[in-house]
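The next block holds one structure in the form of structure tokens; read it before the comments.
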Amino acid sequence: MSVEGQFFLAVTGSIEHAEFYDVNNAYCKYSFHFGPEWSVVAGIEEGLTQMCKCSNDPRNLAVWNFPLDITFKSTNPHGWPQLIMSIYGLDFFGHDVIRGYGVCHLPLTAGRHEKSTYEIMLDFANGKMWRYNSRAPTYSIKGPKSAGMSDDMCDAENR
782 MSVEGQFFLA VTGSIEHAEF YDVNNAYCKY SFHFGPEWSV VAGIEEGLTQ
832 MCKCSNDPRN LAVWNFPLDI TFKSTNPHGW PQLIMSIYGL DFFGHDVIRG
882 YGVCHLPLTA GRHEKSTYEI MLDFANGKMW RYNSRAPTYS IKGPKSAGMS
932 DDMCDAENR
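The sequence shown begins at 782 in the numbering used here and counts up one residue at a time.
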């Protein structure tokens, strides 16, 4: 049932794959982030893919083909939803280690779309200090879920 001025955004898609260097296995934690006037009507807002072994070819692909199906509603396009991804893998000791981050803005127009996301925010996780305590710093989002993420809302922390 629709209220005047309200609109819906239905997203059906998948997290296909990621390309890595020097990674043997990987999985993806994902979540949708959106403005305060948005709400989820149907579907799963966050989750994780299966662990997969990366291919042996030069691209070293981690292939998930993980389905996504979610519906939002809002009265205002401000805070349009984004898909935030954190890629993890296992280190030599079997610990979960962050491998990279990605963000994908959901398309503004109807139809079939292919979006590519590039690695972001991995420099701080490659430092030498974390190797002593086996825990890399992770990037976290503070406060309410918001599409307009700024540096004061995001923080690197050592867990």
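Glycine included, every Cβ here is placed at the ideal spot set by N, Cα and C.
Identify which residue in the options has its Cα closest to the Cα of residue i.
{"i": "residue 851", "options": "863, 875 and 841", "result": "863"}
{"i": "residue 788", "options": "894, 889 and 893", "result": "889"}
{"i": "residue 825", "options": "813, 895, 836 and 818", "result": "813"}
{"i": "residue 836", "options": "873, 800 and 884", "result": "800"}
{"i": "residue 816", "options": "898, 857 and 841", "result": "857"}
What are the residues that DSSP puts in a beta bridge with residue i?
{"i": "residue 877", "result": "871"}
{"i": "residue 811", "result": "828 and 866"}
Pull up the CB-CB distance for residue i and residue j, whole angstroms please, since I reckon it's below 8 Å.
{"i": "residue 855", "j": "residue 810", "result": "No, residue 855 and residue 810 are not in contact; Cβ-Cβ is about 25 Å, not under 8 Å."}
{"i": "residue 808", "j": "residue 832", "result": "5 Å"}
{"i": "residue 853", "j": "residue 796", "result": "No, residue 853 and residue 796 are not in contact; Cβ-Cβ is about 18 Å, not under 8 Å."}
{"i": "residue 794", "j": "residue 849", "result": "5 Å"}
Suppose you measure from the CA of residue i to the CA of residue j; what does that come to, to the nearest Å?
{"i": "residue 839", "j": "residue 827", "result": "31 Å"}
{"i": "residue 845", "j": "residue 830", "result": "7 Å"}
{"i": "residue 791", "j": "residue 820", "result": "12 Å"}
{"i": "residue 892", "j": "residue 818", "result": "24 Å"}
{"i": "residue 896", "j": "residue 885", "result": "7 Å"}
{"i": "residue 871", "j": "residue 887", "result": "29 Å"}
{"i": "residue 898", "j": "residue 883", "result": "6 Å"}
{"i": "residue 874", "j": "residue 804", "result": "14 Å"}
Since residue i is in the beta strand (DSSP E), which residue starts that stretch and which ends it?
{"i": "residue 894", "result": "Here residue 894 belongs to no beta strand (DSSP E), and DSSP marks it neither H nor E."}
{"i": "residue 849", "result": "842-855"}
{"i": "residue 793", "result": "788-800"}
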